[in-house]
Amino acid sequence: MMLKIMSMLKRNDDMTLDEFRKWAQLRHPRIAAEIPGLVAYKVNVCLTDDPARPYDAVNELWFESDAARVHGFAAKAGRDAAADVAAHCRTRTHLLVAELEVIRGPR
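Residues in the sequence shown are numbered from 0 upward in steps of one, following numbering that gives the first Met the number 0.
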């Protein structure tokens, strides 16, 4: 069974939503793509700005197993990705989840 992480991010207070979107969609994925064992990565940034919202993005990171996840985040690329998030986000929450697809979405 594949392991999925839902990574919920709240941008730093000094970033606009547009700046955050550019970082989350263009710059950070280049770093995250180097994490060993990462088999899929999806970025979901809010379309509208609401400072009261607890998160600005919910991203999906997929690994073959928990061992692959632990290894990937312990590797230099995983540490680099975590440092990049820490530099751009004031909050990051990871949820390890099992996905159940109830209605198949577009591919």
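The beta-carbon is built from N, C-alpha and C at its ideal position, and this holds for glycine as well.
Query	Result
Start-to-end residues for the beta strand (DSSP E) that takes in Arg29	Looking at the DSSP string, Arg29 is not in any beta strand (DSSP E); the run it does join, the alpha helix (DSSP H), is 27-31.
Glu100 - DSSP class collapsed to helix/strand/coil	coil
Lys3 vs Val84 beta-carbon contact at 8 Å	no
Which listed residue (Val57, Phe72, Ala80, Ala51) has its alpha carbon closest to that of Arg26	Ala80
Distance between beta carbons of Ala32 and Leu44, contact taken as under 8 Å	For the sequence presented, residue 44 should be read as Val rather than Leu. That pair is no contact at about 17 Å.
Buried or exposed by the 16-neighbour rule on C-beta atoms within 10 Å, applied to Ala23	buried
Span of the beta strand (DSSP E) around Leu46	From DSSP, Leu46 is part of no beta strand (DSSP E); its letter is neither H nor E.
Leu37 beta carbon less than 8 Å from that of Phe62	yes
C-beta contact flag for Tyr40 and Leu60 at 8 Å	yes
Secondary structure of Ala39, DSSP reduced to three states	strand
Cβ separation of Asp48 and Leu99, assumed to be a contact under 8 Å, to the nearest whole Å	With 8 Å as the limit, Asp48 and Leu99 do not qualify as a contact, their Cβ atoms being about 31 Å apart.
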